[in-house]
Amino acid sequence: MKAYLCELKVNGCKNIDKTINLKFCNSTIKSKVKFENTNVKAIYGPNGAGKSAIISAVHIYERLICDENGLNDSYFSNFVKESINKKTNKLEVEATVLFYDSKDSSYFATYRHYISFVIKNNSVVIDCEKISKLSGNSILDEKFKTLIYVEDGKIIEIRGVDNLLESKIYISSLNLLNKKSIVNISYLEEANLKNYEISIICLKIFALSIIVSMEKEDLHTNYLKDLVFIENKIEMMSKFTNEITDEDIFYFSVKDRDVVKVDNFNNYKNNINKLYKFIKVFKSNLTGIDIDKKINGDEYYCNKIFNYGDLLVDIEFESTGIKKLVRIYNALSACANGRIVFIDEFDANLHDVYFTKLVEFMKIYAKGQFCFTTHNLEPIDVLKDNSHSLDFLSNDSRVTSWMKNGNKSPMKKYINGLIDYSPFNVHAIDFIDSLLEEDN
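Under the working numbering, residues 1 to 440 are what the sequence shown spells out, in order.
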């Protein structure tokens with residue numbers, strides 16, 4: 001079973017104060033799923049428009065589903081709290097996800113998952129959660145039928161279940177659903193709700209397929225917290241799919257040491273060899289990446305040493321660009337092999353040519369979905385002929401999607417301020433008063 005994100009709606013995250021709807025495919029679903037020329041999306045917008053907020057919302061969704069502690073984790077709860085827009089006082093995420101057979105691409109089902117967060121008594125809680133299923137072949141609101149609806153920490157509706165207040169799932173989930181997603185409540189099978197169990201498994205597969213890469217100043221996290229989350233995610237993966245293994249998700253630190261279980265060291269070493277092949281494309285004089293490891297109980301503390309023959313460089317002292325490539329390597333590799341990847345500020349610290357070639361690779365060869373934010377204009381020409389691949393975000397939380405129109409150039413329209421809601425009314429003369437000092 002594989003997942004494909006069809007639509008993503010975000011509201012109330014950081015500076016986003018209107019619902020943003022990102023579409024990743026056409027509304028009509030066919031019996032054989034094909035997503036050629038729609039699997040890459042670039043999000044553009046001026047500084048402060050909310051591009052990073054979109055990626056943050058995806059991170060929040062992924063973490064809530066993949067970490068069974070949910071909002072009981074104080075660190076994660078604080079991140080969500082700080083991300084809630086002070087105007088809307090509510091953070092909303094809605095994902096519409098299509099599932100299909102990974103072998104023959106035959107369509108299975110489409111689910112919509114909505115979650116909202118609010119602050120009550122100075123604590124973040126899940127205000128509302130709804131899981132719906134598409135009943136037709138067109139992704140339209142009226143075609144979705146509610147399966148499960150949760151509000152204020154209580155199950156309000158489970159479709160087809162009578163005497164809900166007396167059911168085991170209702171009683172067992174009381175006082176849990178304001179901090180944990182119903183996707184992580186384990187009573188559905190015991191309650192003999194097989195249809196809903198399938199939707200839960202599908203949504204877990206979707207969340208487990210997601211990889212989010214954010215700049216550290218936006219993520220406000222640290223390496224050890226990430227490591228614990230990744231270990232929990234790997235454990236959950238083993239329960240729901242055998243297509244994803246721990247060797248696919250090693251987290252590469254560019255400052256601290258990598259902490260690797262002794263039993264996983266061979267996988268880690270193989271992944272470092274793949275990383276070496278990737279970095280060598282950009283630095284032809286690199287002869288290898290050595291691993292300086294020290295044992296601590298059942299773990300190795302590993303430092304990556306870049307070997308240039310007559311020069312050894314610890315990763316901490318490598319260039320900013322190389323550190324960026326190391327940090328995003330696993331995400332790029334995962335997307336190339338079928339995962340759903342979001343990268344914030346993908347172009348940061350990367351040379352224009354290398355950055356554009358990586359986007360081109362994803363467009364041509366990637367088996368998964370790739371969504372990234374950027375200020376670099378070069379990918380516009382790479383993606384202009386694809387569908388659902390260029391979104392322009394305005395300062396007032398409005399999205400304009402590029403639709404191919406003859407030989408018209410989205411690059412020229414964007415630069416000249418002709419994209420709706422993105423006028424770019426800035427000229428060189430506007431900086432005179434703020435930057436030039438008056439002559440005496």
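Here a beta-carbon is modelled for each residue, glycine too, at the ideal position from N, C-alpha and C.
Kindly indicate which three-state DSSP category residue i falls into: helix, strand or coil?
| i | result |
| --- | --- |
| tyrosine 421 | coil |
| tyrosine 170 | helix |
| arginine 112 | strand |
| aspartate 314 | strand |
| alanine 95 | strand |
| asparagine 78 | helix |
| valine 326 | helix |
| cysteine 6 | strand |
| cysteine 13 | strand |
| leucine 22 | strand |
| serine 401 | strand |
| isoleucine 119 | strand |
| isoleucine 185 | coil |
| leucine 431 | What sits at residue 431 in the sequence shown is phenylalanine, not leucine. Helix, per DSSP. |
| phenylalanine 144 | strand |
| leucine 332 | helix |
| alanine 348 | coil |
| glycine 287 | The question names glycine, but residue 287 is threonine in the sequence shown. DSSP places threonine 287 in coil when its eight states are reduced to three. |
| asparagine 163 | coil |
| valine 414 | Sequence check: residue 414 is tyrosine here, not valine. Reduced to three states, the DSSP call for tyrosine 414 is helix. |
| asparagine 47 | coil |
| lysine 357 | helix |
| serine 56 | helix |
| histidine 220 | The predicted model places histidine 220 with a pLDDT of 47, which falls under 50 and marks its position as unreliable, so this point remains unresolved. |
| glutamate 197 | helix |
| valine 426 | coil |
Using C-beta distances below 6 Å, list every residue in its chain close to residue i, excluding the 5 sequence neighbours before and after it, in chain order.
| i | result |
| --- | --- |
| lysine 280 | Leu286 |
| asparagine 11 | Thr19 and Glu92 |
| isoleucine 380 | Pro410 and Met411 |
| isoleucine 211 | Ala331, Ala334, Arg339 and Val341 |
| isoleucine 156 | Tyr149 |
| arginine 398 | Tyr421 |
| serine 389 | Val40, Lys41 and Leu383 |
| asparagine 21 | Lys9 |
Excluding the 5 residues preceding and the 5 following residue i in the sequence, name in chain order all residues of the same chain whose CB lies nearer than 8 Å to its CB.
| i | result |
| --- | --- |
| aspartate 352 | Asn376 and Glu378 |
| phenylalanine 361 | Ala336 |
| cysteine 6 | Lys23, Phe24, Cys25, Thr96, Val97, Leu98, Thr110 and Ile139 |
| arginine 257 | Tyr301, Cys302 and Asn303 |
| serine 27 | Ser138, Ile139 and Leu140 |
| serine 181 | Leu64, Ile65, Gly70, Ile115, Ile126 and Glu129 |
In terms of DSSP beta bridges, what is residue i paired with?
| i | result |
| --- | --- |
| alanine 42 | Phe372 and Leu390 |
| aspartate 292 | Asn303 |
| aspartate 258 | Cys302 |
| tyrosine 149 | Lys130 and Glu157 |
| serine 28 | First, the amino acid is wrong: residue 28 is threonine here, not serine. Beta-bridge pairing links threonine 28 to Ser138. |
| phenylalanine 342 | Val212 and Cys371 |
| valine 124 | Ile119 |
| isoleucine 84 | Cys13 |
| tyrosine 100 | Lys2 and Tyr107 |
Could you pull out every residue in the same chain whose Cβ sits closer than 7 Å to the Cβ of residue i, ignoring the five residues on either side in sequence?
| i | result |
| --- | --- |
| cysteine 13 | Ala53, Ser56, Ala57, Ser83, Asn85 and Leu91 |
| aspartate 218 | At aspartate 218, the pLDDT of 47 sits below 50, so the modelled position is not reliable and the matter cannot be decided from this model. |
| valine 511 | Outside the displayed span of the chain (1 to 440) sits residue 511, for which this structure offers no information. |
| asparagine 72 | Lys179 |
| lysine 324 | Ala348, Asn349 and Leu350 |
| isoleucine 46 | It is proline, not isoleucine, that sits at residue 46 in the sequence shown. Around proline 46: Asn395. |
List the whole-angstrom C-beta distance separating residue i from residue j, where the pair is believed to meet the contact cut-off of C-beta under 8 Å.
| i | j | result |
| --- | --- | --- |
| glycine 338 | glycine 368 | 5 Å |
| leucine 177 | lysine 154 | 7 Å |
| lysine 133 | lysine 145 | 6 Å |
| valine 40 | asparagine 273 | Not really, about 27 Å apart at Cβ, beyond 8 Å. |
| threonine 356 | tyrosine 44 | Actually they do not touch by this definition, with Cβ atoms about 14 Å apart. |
| serine 102 | serine 31 | About 16 Å; that fails the 8 Å criterion. |
| glutamate 142 | lysine 9 | Contact flag wrong, Cβ pair sits at about 16 Å. |
| valine 326 | phenylalanine 252 | 5 Å |
| leucine 312 | isoleucine 305 | 5 Å |
| alanine 366 | phenylalanine 206 | With 8 Å as the limit, alanine 366 and phenylalanine 206 do not qualify as a contact, their Cβ atoms being about 18 Å apart. |
Practice problem: Taking 8 Å as the threshold, find out whether the segment 285 to 299 comes into contact with the segment 253 to 267 through three or more Cβ pairs. | Solution: yes
Quiz item: Can we say the segment 402 to 420 touches the segment 59 to 70, given the rule of at least three CB pairs closer than 8 Å?
Solution: When C-beta atoms of the segment 402 to 420 are compared with those of the segment 59 to 70, fewer than three pairs fall below 8 Å, so the two segments do not count as touching.
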